[in-house]
Every structure is written in C-alpha cells, then in structure tokens.
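Residue numbers (the working numbering): 1 to 511. Even for Gly, the Cβ is constructed at its ideal location relative to N, Cα and C. Input: a single structure, listed below in structure tokens.
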Amino acid sequence: MPREEGESPGYTFFMSVRVRFAPSPTGRLHVGNVRTALYNWLFARRQGGTFVLRIEDTDAARSESRFEEQLCRDLRWLGLQWDEGVEVGGEFGPYRQSERYPLYREQARGLLQQGHAYRCFCSPEELERVRAERLAAGHPPGYAGTCRDLDPGEAARRVKQGEPAVLRFRVREGAVSFDDLVFGRLEFDCRQIGDFVLQRSDGSPQYNFAVVVDDLGMRISHVIRGEGHVSNTPRQLLLYEALGEPPPRFAHLSTILGPDGAKLSKRHGSTSLGEFREQGFAPEALVNYLALLGWSPEGEGREILSREELCREFDLSRVHRAPAVFDQTKLTWVNRNHLRDRPAAELLPLVLPALQRRGWVGEDPPGPVSRWLESLIEALRKYLESGEALAQAAEVVFDFRPERDLEQPETREVLESDGAVRTIRAFQKALGGQDRIEVVDFKQAVKTAGKETGVRGRDLYHPIRIALTGRGSGPELDRVVELAESGRGLPLPSPPPGVRQRVERVLALLP
RNA sequence: GGCCCCAUCGUCUAGGGGACUAGGCCGCCGGCCUCUCACGCCGGAAACACGGGUUCGAAUCCCGUUGGGGCUACCA
Numbered sequence: 001m002p003r004e005e006g007e008s009p010g011y012t013f014f015m016s017v018r019v020r021f022a023p024s025p026t027g028r029l030h031v032g033n034v035r036t037a038l039y040n041w042l043f044a045r046r047q048g049g050t051f052v053l054r055i056e057d058t059d060a061a062r063s064e065s066r067f068e069e070q071l072c073r074d075l076r077w078l079g080l081q082w083d084e085g086v087e088v089g090g091e092f093g094p095y096r097q098s099e100r101y102p103l104y105r106e107q108a109r110g111l112l113q114q115g116h117a118y119r120c121f122c123s124p125e126e127l128e129r130v131r132a133e134r135l136a137a138g139h140p141p142g143y144a145g146t147c148r149d150l151d152p153g154e155a156a157r158r159v160k161q162g163e164p165a166v167l168r169f170r171v172r173e174g175a176v177s178f179d180d181l182v183f184g185r186l187e188f189d190c191r192q193i194g195d196f197v198l199q200r201s202d203g204s205p206q207y208n209f210a211v212v213v214d215d216l217g218m219r220i221s222h223v224i225r226g227e228g229h230v231s232n233t234p235r236q237l238l239l240y241e242a243l244g245e246p247p248p249r250f251a252h253l254s255t256i257l258g259p260d261g262a263k264l265s266k267r268h269g270s271t272s273l274g275e276f277r278e279q280g281f282a283p284e285a286l287v288n289y290l291a292l293l294g295w296s297p298e299g300e301g302r303e304i305l306s307r308e309e310l311c312r313e314f315d316l317s318r319v320h321r322a323p324a325v326f327d328q329t330k331l332t333w334v335n336r337n338h339l340r341d342r343p344a345a346e347l348l349p350l351v352l353p354a355l356q357r358r359g360w361v362g363e364d365p366p367g368p369v370s371r372w373l374e375s376l377i378e379a380l381r382k383y384l385e386s387g388e389a390l391a392q393a394a395e396v397v398f399d400f401r402p403e404r405d406l407e408q409p410e411t412r413e414v415l416e417s418d419g420a421v422r423t424i425r426a427f428q429k430a431l432g433g434q435d436r437i438e439v440v441d442f443k444q445a446v447k448t449a450g451k452e453t454g455v456r457g458r459d460l461y462h463p464i465r466i467a468l469t470g471r472g473s474g475p476e477l478d479r480v481v482e483l484a485e486s487g488r489g490l491p492l493p494s495p496p497p498g499v500r501q502r503v504e505r506v507l508a509l510l511p
C-alpha cells in the first residue's frame, strides 16, 4: 500500500536515522513485539541507521531483571542485534528507564516552572468517582481539572508539608496532528485528552513523559511502535511542543490477531518467541514470516526472503494498515523452505533438543553419535517442518515397540492379509547371517523373499515395513535399514535395534 | 458512552480510475510420482462487506451503514 509521504523527508539527509525498540521486561517476548522489533531493525538496516534497545522498567512491581536477560537473549537469537542500548552501551545512556530518574526530574522541574505542568492532590478514589460521573454524563472520562488552577505557591507549600501529589501536564486547547508513516495524517482534539500525569506521587515518571524525555535524549528520529500507541502520540506531541523540541516521525503498526480475529494471546497456542525456538524453528524463518505479516516486497510470488533481501527492501510505505492474522501453518511452510537446503550438520542444533526431550539422545553426544544423527536428519529431511516435527518422524527409528504397534487396526489388517507373515519369514531367512546388513543386502533379501513367495510390490514391501518399524508408513525402507544398522552399536541411552532384531521381535509376536 | 483506526479468496497479500475475465503465497480439493506417509511437480475451487454518490468508466475517489480493532489509568 504505497503512500506519498515516504520515510525519507529532506531532513534525513543531514539527520541520522535512529530508531528504538523499548519493551517492558514483564514477560517473554511476544510475536507482536517481535515484529515491532524486527520492523525497527529492518528500517535501521535499510536506512543505514542506528537501532537502540531501551528497557522501560518504570513499573517496578511487574518488571524483573530475568525477563530483561531473556529478552536480550531472544533478540540476539533472532539476529536482531542492537547497536546501542542495554548490555552494549552507547553515548546516550543509561538505557534502562529506572536509571534515568534524574533526567526525568530535571525536565519535570522545567515544565513546572514554565507552567506547563502543575501539582494535583486529588486522591485516586476522588479521581475514580469523578471519572464515573463524567462517563455517566456522556463526557470524555479524562481528568476534570480540579487542581488545574491551584496557586503554585500554595501547592508547593502543601508538597513541602508532605501531602502526596502527582505532576500533571496542562493540555492546551485546539488540536494536534501529525503524519503517520503508515496511517497517514491523523488529527486529535485536545478536549479529548485531559491533563495527564507526568510524575506519580512516588516521583516515578509516567509512561508518556519518560518516553518523550528518552526519545529526545537518545536522539530518536523515527518512533516505530504498536498501534495501541497512536492515542498516546498526541500527548507526546504536546510534550515535545512544551519542551520546545521537534518531535520525531511516527509509524504505527497494526495489531497481530489470532485465527479467531481477536488479539493474539496465549489461548491461540504458541505466541512467545521462546516457544518457537524450542519447537525448532529457524530464526531466519521467523524473521521472514514476521516481515511478511503486514508488509510485502515489490514483485509477485516472493515469499521466501533472506535477511539480506529484507534489509535491502524493507519499506515503511508498504506496511499494511489492517490487523493481520498470525498463521502458524504458513510459518511452518516458511520454516521448511529455509531448512530445506541446509546441510544436516547445521540442522542438528535445531533438532537435537527435541530428540533429547524424548530421552533418545543424551547430553553432549559424542562425535560418532552426532554424525549418525546427521544421517538421521538427512534421511528424514522430508519431514523437516521444524526440529520438533523431525524428532516426531524419528519415532520409526527410536521408538520401536511392536507389542504396542501391532495392536493398531491398520497394522493388524496388513499382517492378517494373505501371505504377509509368510513374506516376513521369507525375508528373515533371506537376510542371512552376516553381522552388518548393508542396504544392498537388504535389497537382495527383499528380492529373494519376493521370488520365494511370489509376492510383489505393495504386498511385498508393506509387511516388511511393519516388521522393521511397526508402522504402515514412514521414510524409504532403505533409509530405515541404514539408520537401524548404523545406529545399533552407538552409545545412546537406548540404542535403536538392528534389522535382524526388529524382525525377530515382530515374528515372536506373530502366529 | 466518547475519540481514533481498519475492511480484496478461509489466511497473508498484489492493486495508486481503463492494463481486472481481480494476480501470487499458505491452506483446501484433484491428479502425477511412489512399497507407505510425506516431499516434489501439475491442475482446480475460492474474494473486492453492504448502500449511496462522483465519473464516459470505480476494487481503486467521497459519504453513510455494518462489522472488526485500539484508546479512554498514579500500566506500558
């Protein structure tokens, strides 16, 4: 959806592009926030700008440092390294709001002195009562202005005496407008706004105030954030105005929805970045899919894009305004495309955790085991939608339990068909007595069994497949043989049985 | 309640008044391949929310309706 106002107005030629991602450390990184971070990062890379990571932890009750650490780890895992901010430093720090209180206090003092702000002594209960009244009368529920015209000297005296007070911003009359880089021109009537809080009674800064002081202090040129903030923008614009500073450009991003059209939340399944990492999704795939959720490159049929292509082409003017529905099925498809041509050795870290969770592989597998696992991945490649999906497909190798599988109706049906058991016996006999069964030996044995029983094609392979895996479907039998034989002597928690062992165990259960 | 935003196949989207018989990806359905499930390849069904304008001509511009979302805090 291209628009006239691009993101490169004249002044960017002499003013450098600086963007920021400013999460609150109150939980795991959510895909909606990840996309915001990604768009900021892509915009910075495309424009040759700086990507800043700032932590908004003014809500002391909900903020935890472990969430901050996790957040940084998640961002790095995704490959969204920040140029400036927490953990890496920079010349406009500190980058944690809890460490910037002196800065907020200084600006608050200035605003108070110039009359842009005033003390308010209203109690929360009083405020709540007035709000309910105004709402009932059909008025905007904003602050009624009770303390607006208190004498400043009198107010200062009450504060000195220890009376709790907040600092409120005196909203002017008229309207505020701005050109949003994705939504276009937006205008707000100041009567809708109401005098908002700058500083709480405990002295901590309120969100809108802290953001403006920080964005100014960090020389942010473009604020790219969630749509929920468009209604905060006029408040912030008013603050820039009072502070006598030019505001940055704004770009708001629509919300990400779940399949039912409601805002994406836990009940829709996986929503945190960590969950996708644990399921064995590649960071490149997440980046690719999330970039496409609300944005599209120029040209048709371009779905699989590398990080480099995205950096080269990302463009705020093509960002969609409507909310987008998160579709894990498509993410899976994108993931498969990114994994498809990757060497098995690179895939191992993605698959290994899922294998370990199932208890099939121990911690720190030794070299021979790793090499075998690589051949496993190679053999099961077609099932590689994610590390988790591949591990599930590996059941045919690790989870051989004929006692259980032979009870399945579909398996029984095959085994009860004419000549099935006879075919398996003939196959067992044809395997011969050598220690290790190679694929050629296996092929020969199938052939011999076929000749002996007169069975061919499906009727020949199907019983043998069941004898080897306990299941009616799975990867090519050659592959299964290869894996079972090469894996049987390996130092695994419970090494997979070899071909002969499998056939024996199945036959033992058969009449 | 008030204010703001949004609206193309089930989903993500292309679309800038005539190139639209509305294109592409995912998913779905069918076929091919094949010892099986899958992978892959080929084909198919599937949308401009509705009503009014403006115009020679509207998916595209305007107004309204409906539907969805956001905000309306001493949260961020």
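Around the beta carbon of Ser-473, a 10 Å sphere encloses fewer than 16 other beta carbons of the protein chains shown; the residue is thus reported as exposed. With 16 or more other Cβ atoms inside 10 Å of its own Cβ, Met-218 counts as buried. The beta carbon of Glu-64 is closer than 8 Å to those of Pro-25 and Thr-26 in its chain, skipping five residues each way along the sequence.
Between Ala-155 and Tyr-118 the beta-carbon gap is near 7 Å, inside 8 Å, which marks them as a contact. Ranked by Cα distance from Phe-326, the options Ile-256, Glu-300 and Gly-228 are led by Ile-256. C-alpha of Arg-312 to C-alpha of Arg-46: approximately 6 Å in a straight line. Note that the C-beta distance between Val-212 and Leu-239 is below 8 Å.
Within the region 402-480, no run of beta strand (DSSP E) at least 3 residues long lies entirely inside it.
The way I'd put it, the region 155-172 doesn't touch the region 300-312; fewer than three beta-carbon pairs between them come closer than 8 Å. As summarised for the region 159-245, the continuous beta strand (DSSP E) elements at least 3 residues long and confined to that stretch are 166-169, 175-180, 184-189, 197-199 and 222-226, given in chain order. Remark: C-beta atoms of Gly-280 and Val-351 approach each other more closely than 8 Å. Taking a C-beta distance under 8 Å as the contact criterion, Arg-96 and Ile-220 do not qualify as a contact pair. In the three-state DSSP reduction, Ser-272 falls in the strand class (E or B).
Proximity to Pro-205 across Asn-33, Arg-105 and Leu-406 peaks at Arg-105, based on C-alpha coordinates. Counting the other CB atoms within 10 Å of its CB gives Arg-109 a total below 16, which places it among the exposed residues. Relative to the Cα of Leu-216, the nearest Cα in the group Leu-29, Arg-54, Lys-429 and Thr-469 belongs to Arg-54. Sequence-distant partners of Pro-496 (beyond 5 residues in either direction) whose C-beta falls short of 8 Å from its own C-beta, in its chain, are Val-397, Phe-398, Phe-400, Leu-483, Ala-484, Gly-487 and Arg-488. When Cys-122, Pro-234 and Pro-491 are compared, the shortest CA-CA separation from Glu-163 is found for Cys-122. Val-439 is classed as exposed because its beta carbon has fewer than 16 other beta carbons within 10 Å across all chains shown. Beta-carbon to beta-carbon, Gly-49 and Ser-16 are separated by about 6 Å, close enough to satisfy the 8 Å threshold. Note that the region 313-320 touches the region 285-297; at least 3 beta-carbon pairs, one per stretch, sit closer than 8 Å.
Rounded to whole angstroms, Lys-263 and Ser-370 show a C-alpha spacing of 42 Å.
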